[in-house]
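In the numbering used here, the protein residues as written are 5 to 114.
C-beta: ideal position from N, C-alpha, C; glycine also.
Just below is one structure, and these are the notes that go with it.
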Amino acid sequence: MVKRIREGVVVDDETLMVHLIEKAGPGQHFLGFKETLHGLRTGAVFFPKFSYRSTYDKFFEEGHDEIQTARAEVDRLLALPDPDPLPPDVDRELKRILAAADKACAESAA
C-alpha cells in the first residue's frame, strides 16, 4: 500500500471518469462498467480496513458498533510487541526531513 501511495494519484479525464458518472445517472452505481473492473484490478480503489460496505442502517441492524470496532483494534494494536526502534542515523534523517518540511510550510504560509 505504501508503494501505491508513493506513486501518487493520477487525476485526469480518464481517472475521473466523468463520462461514466453522466452515463450512469443520479443515484446509480458503476459496478457494471468495464472501467470499474479495470480500476479494481489495477489497485485504483482503496478499501480501508474499517470500512463497512453496506448501508448505515444495515450496519446497526447487524449489531455493529463503530466505537466497539475501534476499541477492539486499539486493544489488538496495544497487545502487539513494541517495534524495534529506528537506527539512530535513520531517526536523525527523519527528524531533519521533518524540520525542513516544517520550515518550508512556515515560509509558504507567511
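| Query | Result |
| --- | --- |
| As assigned by DSSP and simplified to three states, the class of VAL78 | helix |
| Within 8 Å, strictly: CB atoms of PHE115 and TYR56 | Nothing can be reported for residue 115, as the shown portion of the chain is limited to 5 through 114. |
| For LYS7 and THR59, the rounded distance between their alpha carbons | 31 Å |
| Alpha-carbon to alpha-carbon, ALA103 and VAL14 | 28 Å |
| Simplified DSSP assignment, three categories, for GLY43 | helix |
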